[in-house]
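Before any comments, here is the structure.
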Amino acid sequence: MPVIVIKGNIFTSNCQTIVNTVNCVGVMGAGIALECRLRYPDMFERYVQLCDAGQIEIGKLWIYKSDRWVLNFPTKKHWKYPSKIEFLEAGLEKFVDTYRDKGVESIAFPLLGADKGGIPPQDSLSVMRRYLEDLDINIEIYQYDPSAKDDLFAVTKAWMLSKDASELSRLAGIRPQYVAKVLEAIERPDIAQLNQLARVNGIGIRTMESIFRASRSVGPEGGGDHNASGQGTLPL
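At position 196 of the sequence shown the residue is numbered 206 (this note's numbering), and the sequence of numbers has no breaks.
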C-alpha cells in the first residue's frame, strides 16, 4: 500500500500504532519522546527500566500497549550523539520482519532521525519508503509541524485557565512562581504543543509532568496510561 506523507502532529493520527523515537540510555527529554513521556508516564518508567537492563538497543523495537499502541524505535545509542542511517535500517528491517506477528494493523511514523538526530529529512524519507512502501498495512509518515494543533495541549490549557493560580499550585504540587511561568507560556502564540513548553526558560520537565498529571487526574480526559494493558511486549 502507498505510504502517506503528512505535515502535522503525529498524535492526531487515527492509526492503531504510533512510533516514538528513542535513545538507548533512558532519556526522553525533547521532541516526540518528551511528548510520549508526558502522555504515557508508565511507559516512560518501563522504558527506563529496560534501558537499565540493556534491553533497548539499535535494531530492537518495543511495543507499549495502551489506549493506543506506541512502538518505541531506537534511532540513537545516546541522546548526545546523532542518529545514523544504519540505525534506521536496522529498526526498519526488524519492523518489516515482525509487524504481522505483533498485530500491527496501521502505523504512523515520524521522520526517523530527522529531528533531534540530524539526518536530512529527505534521506530519512528515502530510507523509510524503501522499507515500508510494499507493506500491506496503512502507513503514515509525519513531517513535524511545530504549529500543528495538539489535542491534549488544548485540554490542558483549558483546564489551567479554569483554575486560579493558588489552586493550580495545590493540585499540581508545584510552587506558585512555576505555575505563573506555565500560565504565561500557554498563552504564547508560538506554543501549540505540550513538548514546546520545555523550551521556555524556567519550565522544567518535572514541572510539566506535574501540571499534566494533575490535569489528567480529574474529569473524563483521564490519562492515556489508565487504559494500559501492562508493561507492553518485551523488545523484539
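We treat Cβ as the ideally placed atom computed from N, Cα and C, and that holds for glycine.
Spell out the partners DSSP gives PHE320 in its beta bridges.
Look at the range of the chain in this structure, 11 to 246, and you will see that residue 320 is not part of it.
Span of the beta strand (DSSP E) around LEU81:
The count along the sequence shown starts at 1 and reaches residue 81 at position 71. Start and end: 79–84.
For GLU177, count the other beta carbons within 10 Å of its own beta carbon; 16 or more makes it buried, fewer makes it exposed. Which is it?
Mapped onto the sequence shown, residue 177 falls at position 167. Counting Cβ neighbours within 10 Å, GLU177 comes out exposed, since fewer than 16 surround it.
May I have the straight-line CA-CA distance separating TRP72 from LEU98, to the nearest angstrom?
To locate residue 72, count along the sequence shown from 1; it is residue 62. To locate residue 98, count along the sequence shown from 1; it is residue 88. Spanning the alpha carbons of TRP72 and LEU98 requires a straight line of approximately 15 Å.
Just checking, does the region 157–168 make contact with the region 23–35 on the three C-beta pairs under 8 Å criterion?
Short answer: they don't touch.
Please identify the residue among SER179, LYS191, THR166, ASP174 whose C-alpha is closest to the C-alpha of GLN203.
Within the sequence shown, the letter at position 193 stands for residue 203. Ranking the options by Cα distance to GLN203, first place goes to THR166.
Distance check for SER225 and ARG185, CA to CA, integer angstroms please.
As a first step, residue 185 is located in the sequence shown; it is residue number 175 there, counting from the start. As a first step, residue 225 is located in the sequence shown; it is residue number 215 there, counting from the start. C-alpha of ARG185 to C-alpha of SER225: approximately 16 Å in a straight line.
Would a C-beta distance cut-off of 8 Å place LEU193 and GLN153 closer than the cut-off?
Within the sequence shown, residue 193 is the residue found at index 183, counting from 1. Within the sequence shown, residue 153 is the residue found at index 143, counting from 1. No.
Assigned exposure category for ILE129 - 16 Cβ within 10 Å defines buried:
As a working note, residue 129 is residue 119 in the sequence shown. That one is buried.
Evaluate the contact criterion for the region 27–42 versus the region 75–90: three or more CB pairs, one atom per stretch, below 8 Å.
Taking one beta carbon from each stretch, the region 27–42 and the region 75–90 have 3 or more pairs nearer than 8 Å; the two touch.
When ILE42, TYR188, GLU45 are compared against THR217, the one with the closest alpha-carbon:
What you label residue 217 is simply residue 207 of the sequence shown in a count that begins at 1. Checked all of ILE42, TYR188, GLU45; the closest Cα to THR217 is TYR188.
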